[in-house]
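Counting from 737, one number per residue, gives the positions in the sequence shown under my numbering.
Quick reminder that beta carbons are idealized off the backbone N, C-alpha and C, glycines included.
One structure is given here, and the rest of the page talks about it.
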Amino acid sequence: MDYFAGGRFTYDWTSHHLKLWEEFLRDKIDTATAVLEIGSFEGRSALFFLQFLPKSRVTCVDSFQGSEEHVERGSKYEPDMVEVERRFDQNLEPFGDRVAKHRGDSVVVLPALAAEQRLYDVVYVDGDHSAASTYTDARLGWDLLDNDGVMILDDYRWGARRPTAKRSAAGIEAFLRQIAGEFELLHRDQQVIIRKSRIVATKSFTIAGRDIGELAGGALSPPLVSFVVINWNYGRYVGATIDSIRRQDYPHFECIVIDNGSTDDSAEVIARHVEGDPRFRVETLAQNHGQLGAALWALDKVNGGFVTFVDADDVLFDNYASMHIQVHMALRRNVGFTSANVAEMDSTGKTLTASYSQLRLNMPDAKRGLRGEQTVLRLPTVSTSQYRLLDDNTATIPRRHIGWLWAPGSANMFRTSVLRLLRLDDGSKPRMTSADGYFNTICHAVAGSALIDMPLSGYRLHSSNYFAAGESIEGIRGGTRSYATKSQQFTYESVRFLIEQSDRFNWLLGLEFWPTVDRVTREDRPALRDYFRNEIAVEIFRQNAPQLRSVFGDGKFRREITNRFSGAQARSILRAGFGGRIPIGHLHKSLFRDFRAFLGMTRKR
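What follows is the structure, given as structure tokens:
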């Protein structure tokens, strides 16, 4: 086939590569292939891609200013670049919107394409031939190449007599060294052709490129992740959920599937989808314990250092565990849990949004980024380019931030030790509320959290979804009224838990104990008085007043009570703490504080 019939050209640096390209791209003929071409000149290579791959779309990036060899005075390649661009436009015009031309320097255009989250199946690198430019184009292009995609690097043997810094070969070699282990070499001659490999999941963790098994003499092994699927009458969805866990590219996991008192065909569906896989085991609760009740019950059963409670109507992306664990291993400080973005979908799996609107990395004091990739435990399932993407899209959130900051449900991976520390009970009694509604708030209040602004799971919205009435849209509440009311009421259980165990948590948290009590309310400081005015809170403090006085001493006990309560409510708690009668000094200070608060309110009016 004459790919160039009718075109206008001055030079032909392409035809002698065509048989090679046909060989390595033949499997893409019938697919909607996305091609990125870095360096287009008069359009010969673009014409090949468009015709040999009839379903392809080609993105052409060129400054149309020429490389150094084009503009050297007296060079035989010194063309008029305006005419070169005009010939490119004429040659590609018949292909209409199958061609996207980006006129500009690759160091500007390629990051812009990455910011748009573009991915390509073929990347052809044939821009400026200096070593630095070739390396840069290859490195930026690699981040835009999808798994199993093919990269063609031109002019590997070009300019043998030129200085090393002015030859493509040096840049190509530096690039290949950096991505060692991430590619399969298909061809090396005048051109180098590589395929982006799916990372082999059986390789060990590394530190600065060295295997941890060797470094630690086999004493250190990768973290185990526990997935807990809590299912209640989701037989129509739970099979897809289990299958998504089986597909994880991180091999070190176990999965407990809890049939939580279902009355539909869930048991049969679960058995069918876990059959033959020793990483899965099934537990059955005779009655519905609620999601939180079942989660608390499961904490005695999990073996992993990290745990995710998977909603039985959601699906996890293949790289879910890898990305979460890599972030946990690379954060600047350890946190209670990580929360990744989600793609929202309807009951049939059709995508509604690509992100959850409440997940924000730009809140005040959020610490962006991860530690340097050479200083942390590196997963073989997370490539260098993926690590850099995580680095750009992860933020550690200080625990003083309050409110709902995270994506819901399956989006969260917790440290098991923190969950056990904050365990309300053994799960023997039903708790008919969401696991994330309790765990996210209290884990963050105690140990902080981190956000990953990348969708790593699919969050299903349907008529039986108790939390969400629709997809998350800025300015519109996503949750149902009943869920919001119940969730707010349940925060008093978090307060009760901390107050009842004040002796233990005062030792563990020190000066952060009382700020933690305030944070689990999810209320801003101006609203705390109203929150604690509720008789539920008053009764919690009244019942535990003797212990609070014993733990914190008379003065601090009185100060912390009057910081949160006033009037008769404060005095009833103080009276309970002091055995029925408030010492006169503490009574005077309590009354004086009430008087000052009254004066402040009067002045505001």
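Problem set entry | Residues near G743 by beta carbon distance below 6 Å, same chain, minus five either side | N827
For this session: Rounded to whole angstroms, what's the CA-CA distance from T872 to E1080? Just pull it up for me.
Result: 36 Å
For this session: Out of Q1110, R1156, T1177, G1108, point me to the one whose CA is closest to I1138's CA.
Result: T1177
For this session: Could you tell me whether the region 849-866 touches the region 874-886, using the rule of 3 or more Cβ pairs below 8 Å?
Result: yes
For this session: Kindly indicate which three-state DSSP category R898 falls into: helix, strand or coil?
Result: coil
Problem set entry | Reduced DSSP category for C1196 - H, G, I as helix; E, B as strand; rest coil | Before going further, note that residue 1196 is Arg rather than Cys in the sequence given. In the structure shown, R1196 sits in a strand (DSSP, three-state: E or B).
Problem set entry | Sequence-distant residues of the same chain with beta carbon closer than 6 Å to A910, five excluded per side | Y871
Exercise. Of all the options G1291, K1086, Y892, which has the alpha carbon lying nearest to the alpha carbon of I929?
Worked result: Y892
Problem set entry | L956 to V1112 span [Cα, whole Å] | 14 Å
For this session: Kindly indicate which three-state DSSP category F740 falls into: helix, strand or coil?
Result: coil
For this session: From the DSSP output, in three-state form, read off K1103 for me.
Result: strand
Exercise. In terms of alpha-carbon separation, which member of F760, V1118, V1154, C1179 lies closest to W1142?
Worked result: C1179
For this session: Could you check how far apart the C-beta atoms of A1022 and V965 are, in whole angstroms? I think they sit under 8 Å.
Result: Not confirmed; about 18 Å, so no contact.
For this session: To the nearest angstrom, report how far apart F1241 and H988 are at their CA atoms.
Result: 33 Å
For this session: Assign L783 to one of two classes, buried (16 or more other C-beta atoms within 10 Å of its C-beta) or exposed (fewer than that).
Result: buried
Exercise. Between which two residues does the beta strand (DSSP E) carrying I1061 extend?
Worked result: That residue, I1061, is in no beta strand (DSSP E); its alpha helix (DSSP H) goes 1056-1066.
Problem set entry | For V1274 and P958, the rounded distance between their alpha carbons | 47 Å
Problem set entry | Option in S799, D798, F760, V797 with minimal Cα separation from L789 | F760
Exercise. Which of the three DSSP states, helix, strand or coil, is assigned to Y1267?
Worked result: helix
Exercise. Does the Cβ-Cβ distance between Y973 and R1196 come in under 8 Å?
Worked result: yes
Exercise. Closer than 7 Å: is that where the CB of Y973 sits relative to any heavy atom of the ligand COA?
Worked result: Only the bare structure without any ligand can be found here, which leaves the ligand COA out of the picture.
Problem set entry | Local Cβ density within 10 Å of R1114, reported as buried at 16 or more and exposed below that | buried
Exercise. What residues match up with S1185 in a beta bridge as DSSP calls it?
Worked result: F1073, I1133
Exercise. CA-CA distance, R1358 and D1254?
Worked result: In the structure as shown, the chain begins at 737 and stops at 1341. Residue 1358 is therefore absent and cannot be evaluated.
Exercise. Mind checking W1243: buried by the 16 CB within 10 Å criterion, or exposed?
Worked result: exposed
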